[in-house]
Each structure stands twice: as C-alpha cells, then as structure tokens.
Amino acid sequence: MEQIVALCKRRGFIFQSSEIYGGLNGFWDYGPLGAELKRNVRNAWYNDMVTNHDEFSVPTGAPQAFSMVGIESSLIMHPQVWKCSGHFDLFIDMMVDCRECKSRFRADHVKSSECPLKPSKHPGEFEKCKLTEPREFNLMFKTTIGAMAGEEGTAYLRPETAQGMFVNFKNVLDSTRVKVPFGIAQVGKSFRNEITPRNFTFRSREFEQMEMEFFCHPSESRAWYQYWRDRRYNWYINLGISKENLQLRDHAADELSHYSCGTADVEYAYPFLDAGEYGELEGIAHRGDFDLRSHMEGKLVKSGNELVVEKDAEGNPRHRGSGKDLTFFDDQTRERYIPHVIEPAAGADRGTLAFLCEAYHEDEQPDEKGEMQKRVMMRLHPKLAPIKVAVLPLIKKEGMPEAALKIYRELKEAGIASYYDQQAAIGRRYRRQDEIGTPICITVDGDTAKDGTVTLRDRDTLAQVRMPASKIVDEVTKVLRR
Ligand code: ATP
Numbered sequence: 119m120e121q122i123v124a125l126c127k128r129r130g131f132i133f134q135s136s137e138i139y140g141g142l143n144g145f146w147d148y149g150p151l152g153a154e155l156k157r158n159v160r161n162a163w164y165n166d167m168v169t170n171h172d173e174f175s176v177p178t179g180a181p182q183a184f185s186m187v188g189i190e191s192s193l194i195m196h197p198q199v200w201k202c203s204g205h206f207d208l209f210i211d212m213m214v215d216c217r218e219c220k221s222r223f224r225a226d227h228v229k230s231s232e233c234p235l236k237p238s239k240h241p242g243e244f245e246k247c248k249l250t251e252p253r254e255f256n257l258m259f260k261t262t263i264g265a266m267a268g269e270e271g272t273a274y275l276r277p278e279t280a281q282g283m284f285v286n287f288k289n290v291l292d293s294t295r296v297k298v299p300f301g302i303a304q305v306g307k308s309f310r311n312e313i314t315p316r317n318f319t320f321r322s323r324e325f326e327q328m329e330m331e332f333f334c335h336p337s338e339s340r341a342w343y344q345y346w347r348d349r350r351y352n353w354y355i356n357l358g359i360s361k362e363n364l365q366l367r368d369h370a371a372d373e374l375s376h377y378s379c380g381t382a383d384v385e386y387a388y389p390f391l392d393a394g395e396y397g398e399l400e401g402i403a404h405r406g407d408f409d410l411r412s413h414m415e416g417k418l419v420k421s422g423n424e425l426v427v428e429k430d431a432e433g434n435p436r437h438r439g440s441g442k443d444l445t446f447f448d449d450q451t452r453e454r455y456i457p458h459v460i461e462p463a464a465g466a467d468r469g470t471l472a473f474l475c476e477a478y479h480e481d482e483q484p485d486e487k488g489e490m491q492k493r494v495m496m497r498l499h500p501k502l503a504p505i506k507v508a509v510l511p512l513i514k515k516e517g518m519p520e521a522a523l524k525i526y527r528e529l530k531e532a533g534i535a536s537y538y539d540q541q542a543a544i545g546r547r548y549r550r551q552d553e554i555g556t557p558i559c560i561t562v563d564g565d566t567a568k569d570g571t572v573t574l575r576d577r578d579t580l581a582q583v584r585m586p587a588s589k590i591v592d593e594v595t596k597v598l599r600r
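Sequential numbering of the sequence shown, starting at 119, is according to the numbering used here.
As structure tokens, this is what we get:
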C-alpha cells in the first residue's frame with residue numbers, strides 16, 4: 119500500500135488536500151493524472167448506466183427493457199429531506215474520546231486503532247488512557263444558509279446523493295416519458311464527518327458517489343434486486359478487477375437496515391487489509407417503498423413487521439413528510455402503487471482506489487544495456503488509463519519530432535488522451551508510461567519518413583508491431599472499445 123501511495127504522489131494521481139499547510143485529515147486532491155483516472159471511472163459508470171443504455175432491448179439477465187435517466191441535484195437540500203430520510207436522527211456512529219491524549223475514536227474501530235501515546239497498544243489498553251463511555255455522533259456536516267442565525271438557517275451538506283433522486287421522482291415522471299421500471303442515476307460529492315478517516319482515500323470526509331435508484335413494481339422487485347446485484351459485480355470484473363480480489367457478500371439478517379429486505383456488498387481485498395479481509399466498494403440494497411413513503415408521509419420507523427410514521431408525545435408525526443403524491447399510476451393495468459426501489463450505491467473514490475491497487479504491478483525488464491531493472495507498471499484497463507497513447511520520436515532530429523507531432527495531433531483531434539515525449543532514452547520513456555498505465559506507445563523512427571510506418575508497443579505484452587501511421591487512430595479506437 120505504501121508503494122501505491124508513494125506512486126500516487128510521485129506521478130500526480132493523488133495528493134493530500136492543502137498539503138503545503140500540513141494537510142487536512144480526511145480530504146484528498148486528485149492531481150493531473152488522478153483527475154483523468156477518476157473522470158474515466160465516473161464516465162465508465164455513467165455511460166454504462168445512462169448514456170449507452172438502450173431502453174428498447176432487454177439486457178442479459180434483466181426481466182424486461184427499461185429506461186435510465188441522469189440528474190444532478192444540489193449538495194445542500196431542504197433540511198426536512200434529512201429528517202424524513204432518517205439521517206437527522208440515525209446517521210450516527212458511536213465515538214469514544216481519550217481525556218489523556220485528546221484523541222477521538224470510532225467505538226467499533228478501537229480494537230483496530232493505535233493508541234497515539236503507545237502505538238503498540240490499542241486505545242484503552244495503555245495505563246495512561248482515559249476513555250469516555252461511547253457517545254452518539256451525527257456524521258452530517260452542518261452549515262448555515264444565508265444570514266439567519268440559530269437553528270432556522272441550519273442546513274446539512276448531503277451525506278449521500280440518493281435523496282436527490284427520491285425528491286425528484288415526481289419531477290422526472292412529470293417531465294419525461296419514463297414509466298416504471300426505470301432508474302435515475304447521479305454522480306456527485308457527498309460529505310460525512312467520519313470520526314476516523316483512514317486508509318488513504320478509502321474513508322474520507324468528502325468523497326464522490328455514483329448512485330442509482332431503480333423504481334419497479336413491488337412484485338418484481340426481487341428479480342430486479344438480483345439483476346442489479348449481479349450486473350454491478352460484473353462491472354468491476356469487466357474493468358479489470360480480478361475475481362480473486364472481488365467478492366459479492368450478502369448481508370446477514372442482523373446487518374440489514376430496518377427498512378431493507380436484502381443488501382449485498384461488492385467488496386475488494388484492499389492491500390491495507392489483512393489477508394482474507396475485504397472492504398466495501400459498493401452496496402446494492404433492496405429498499406422497498408421506504409424512501410418514497412417517508413417523503414410522502416413522514417419519517418418511518420419499524421413497528422413489528424410494519425413501517426409506520428413515527429409520532430411525538432402529542433401524537434403528531436415526529437418529522438412531517440412533503441404530503442405530495444409519490445405514487446405511480448400504470449395506465450395499462452390501471453393500478454396505482456408506490457414503487458419499490460433497488461439502489462446500487464458505489465463510491466468513485468473507493469472504485470478509483472481499487473482500480474489503482476489492482477493495476478499496481480512490479481516486474482523486471484532489461485534496460486538499453488541488457489541489464490535487468492525493476493519496472494513498475496499500472497495495468498489499468500485502457501478505458502480507465504489517464505493517457506491512452508504516448509507518441510515518442512526515437513531521436514530529436516531527422517524529421518522524427520515533426521512526424522510524431524502530426525500523429526499526436528491526429529489522436530488529439532479524435533478525442534484520444536495522448537502525450538508527446540521526446541526527452542531521454544527510449545527505454546526510460548517507455549518506463550515512464552508503464553508506471554502511469556499508458557496502454558500504447560507509438561515510436562517514430564528512421565523508417566517512418568521512408569515508408570510511413572511506426573511501431574506500436576503494447577504495455578502488457580511488450581509486443582511491438584509495425585503499422586502505417588495513417589491507421590493509428592483506428593487501431594487505438596479499437597483497443598479502447600475492448
Ligand atoms: P462504510 O460502512 O464503509 O462506512 P457505508 O455502508 O456507510 O460505508 P454507503 O452509505 O452504502 O456506505 O455508501 C455507498 C458507497 O459510498 C460506499 O460503498 C462507498 O463506496 C462510498 N463511501 C461511503 N462512505 C465513504 C467514505 N467515508 N469515503 C469514501 N467513500 C465512501
């Protein structure tokens with residue numbers, strides 16, 4: 119893990135936020151290559167979910183054809199949203215403080231944390247530790263709207279993007295031609311005041327989510343749950359995560375949220391975990407009609423097997439819903455109902471981190487003198503690689519830079535992220551590209567001027583093939599479609 123973190127800083131993937139001021143715990147910046155990588159992760163998800171989705175054919179494993187649309191909702195929403203969703207009352211972690219060292223720990227992380235005064239021990243095990251009893255801590259970041267002081271102006275930075283889809287359910291139905299079943303997808307920032315941010319970007323206080331709410335008929339919700347559970351697992355596999363490092367784990371009954379009738383996590387064997395352990399990449403939850411009902415009627419609580427509106431001492435709803443009709447009317451069957459929801463909720467940062475970890479690879483390759491040298495390579499899927507092609511003139515004269523620049527410009531015009539590099543020996547230039555995961559290098563040499571051909575080098579196989587420079591854009595496009 120340390121090598122991956124070092125590479126991320128050295129090559130400009132990920133930096134500590136505000137590093138020149140000593141950093142800010144739980145916040146991260148993406149550098150020039152990291153921003154491209156994360157954008158590619160985001161685009162791969164959004165294209166799969168929305169842009170490339172064909173609403174007229176039935177995808178493999180799906181019960182029927184369906185529509186998908188995207189939205190972009192605001193980061194700060196009406197405070198009532200969080201009251202009805204349950205976040206205001208229930209989005210809490212238990213924390214303990216140490217009165218001696220003034221540190222704060224998540225109660226369920228104490229056994230995996232180090233005592234700041236005696237790192238060989240866990241908090242509470244060193245003789246000087248003075249831990250408090252566990253107390254509740256709400257993870258939502260508070261802010262104030264406008265100039266209003268006091269509670270009236272209090273608002274929250276969203277702790278998830280999902281609520282944006284629920285509160286816009288009616289707007290989407292009224293403004294588009296979608297019919298149940300359909301999905302609303304969104305990518306955007308979320309904020310959680312995590313007590314112990316850690317493990318690089320895995321647990322941050324500001325992060326990006328890729329969430330989709332799929333609305334379906336209650337009687338078909340099980341089949342849709344199964345469909346999304348499998349499809350989301352395969353998305354990671356198709357982008358290069360190996361089956362050995364990925365698992366789909368069904369939650370046990372006692373792990374389920376009070377409203378959920380089924381949840382599965384896609385988990386990755388991050389290198390900072392012990393062997394055999396996995397960390398959550400994405401959760402796929404069957405949420406029933408909990409969310410739409412809460413926004414209609416008010417905050418719901420479980421009473422026996424039923425969800426009922428929570429009441430205060432006077433018998434009024436504890437948190438009032440919008441009172442708006444969030445049902446769906448099926449004009450074919452003449453049935454009116456509250457759709458059930460399947461929610462695949464992924465993290466763009468945890469995804470990016472998993473792709474980086476999976477890609478990291480070391481081997482030995484001969485240098486120009488034939489001596490074996492350590493090589494670091496990022497085996498990123500071509501769709502995710504920040505730079506797709508590096509164009510390298512063998513030497514800085516005899517017309518090679520001009521020919522290379524021509525190819526570079528053609529690639530750029532075709533919208534392919536490319537990089538031109540004429541500095542240093544060719545072997546070193548290859549290694550610079552291997553280290554950042556560039557799948558293809560194109561070398562322009564003495565023969566290019568004679569017969570118009572160049573060498574195309576494959577990062578993974580190291581195979582080199584000669585082909586006409588005029589075919590490069592087509593060839594690279596083919597590789598990127600894989
Ligand atoms: P965890 O149990 O690890 O805190 P969670 O179950 O609370 O995660 P969800 O609320 O299901 O997470 O959020 C959906 C996704 O958002 C997660 O699978 C993860 O990819 C991402 N995510 C959640 N919290 C964080 C965080 N603090 N930092 C980075 N990504 C996060």
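Cβ coordinates follow ideal geometry from the N, Cα and C atoms, glycine included.
Could you compute how far the alpha carbon of residue i sits from the alpha carbon of residue j?
i	j	result
Ala124	Leu498	17 Å
Glu190	Arg411	22 Å
Cys126	Tyr386	19 Å
Lys501	Arg549	20 Å
Glu254	Ile313	11 Å
Thr261	Ala273	5 Å
Asp207	Ala463	21 Å
Phe209	Met258	7 Å
Ala303	Cys216	42 Å
Pro519	Tyr526	10 Å
Arg276	Asn352	29 Å
Arg169	Gly488	Residue identity check: residue 169 is Thr in the sequence provided, not Arg. Computed Cα separation, rounded: 48 Å.
Ala472	Gly439	39 Å
Ile359	Ala162	14 Å
Ser337	His205	28 Å
Arg310	Ala466	15 Å
Val419	Val426	5 Å
Thr294	Phe174	16 Å
Phe447	Phe408	18 Å
His335	Ser308	29 Å
Met167	Arg468	18 Å
Ile456	Ser421	20 Å
Asp430	Tyr377	20 Å
Ser238	Leu193	41 Å
Met330	Ala280	7 Å
Between residue i and the rest of its own chain, which residues show a CB-CB distance below 6 Å, the 5 nearest in sequence each way excluded?
i	result
Ile505	Ala535, Tyr537 and Thr556
Ala382	Arg347, Leu366, Asp368 and Ile402
Val583	Leu574
Asn317	Phe390
With a CB to CB cut of under 7 Å and the five nearest residues on each side skipped, what residues in its chain are close to residue i?
i	result
His171	Met186
Ala542	none
Glu270	none
Arg160	Val305, Met328 and Ala466
Starting from residue i, trace the beta strand (DSSP E) both ways and give me its first and last residue.
i	result
Ile460	His458 to Gly465
Met328	Glu324 to Cys334
Cys247	From DSSP, Cys247 is part of no beta strand (DSSP E); its letter is neither H nor E.
Thr561	Ile558 to Val562
Arg224	Arg222 to Arg224
Leu399	Gly397 to Gly406
Val509	Val507 to Pro511
Whose CA, out of the options, lies closest to the CA of residue i?
i	options	result
Phe332	Gln198, Ala508 and Phe287	Phe287
Asn143	Ser440, Pro315, Ser238 and Asn434	Pro315
Ala567	Ile554, Gln483, Pro511 and Val594	Pro511
Pro234	Tyr148, Met212 and Lys246	Lys246
Ala477	Ile355, Tyr343 and Gly545	Ile355
Met213	Ser231, Lys524, Phe184 and Gly406	Ser231
For residue i, report the span of its alpha helix (DSSP H) as first-last.
i	result
Gln365	It is not in any alpha helix (DSSP H) - Gln365 instead sits in the beta strand (DSSP E) that spans Leu364 to Asp368.
Asn256	Segment Arg253 to Asn256 is the beta strand (DSSP E) holding Asn256; no alpha helix (DSSP H) there.
Thr579	Here Thr579 belongs to no alpha helix (DSSP H), and DSSP marks it neither H nor E.
Tyr351	Ser339 to Asn356
Asp211	Asp211 -> not in any alpha helix (DSSP H); beta strand (DSSP E) instead, spanning Ile210 to Asp215.
Ile554	Ile544 to Ile554
Using the DSSP secondary-structure output, state which residues sit across from residue i in a beta bridge.
i	result
His479	Met495
Leu418	Val427
Thr261	Ala273
Lys307	Glu326
Ser135	None, per the DSSP bridge assignment.
Trp146	Gln134
Arg454	Phe447
Ile302	Val187 and Glu331
Any heavy atom of the ligand MN closer than 6 Å to the beta-carbon of residue i?
i	result
Gln327	As far as ligands go, the structure on display features the ligand ATP and does not contain the ligand MN.
Spatial neighbours of residue i within its chain, please: CB distance less than 8 Å, with the 5 preceding and 5 following residues excluded, ordered by chain position.
i	result
Met490	Glu482, Gln483 and Pro484
Asp552	Arg493, Val494, Met495, Met496 and Arg577
Gly416	Cys202, Val427, Glu428, Pro435, Arg436, His437, Arg438 and Gly439
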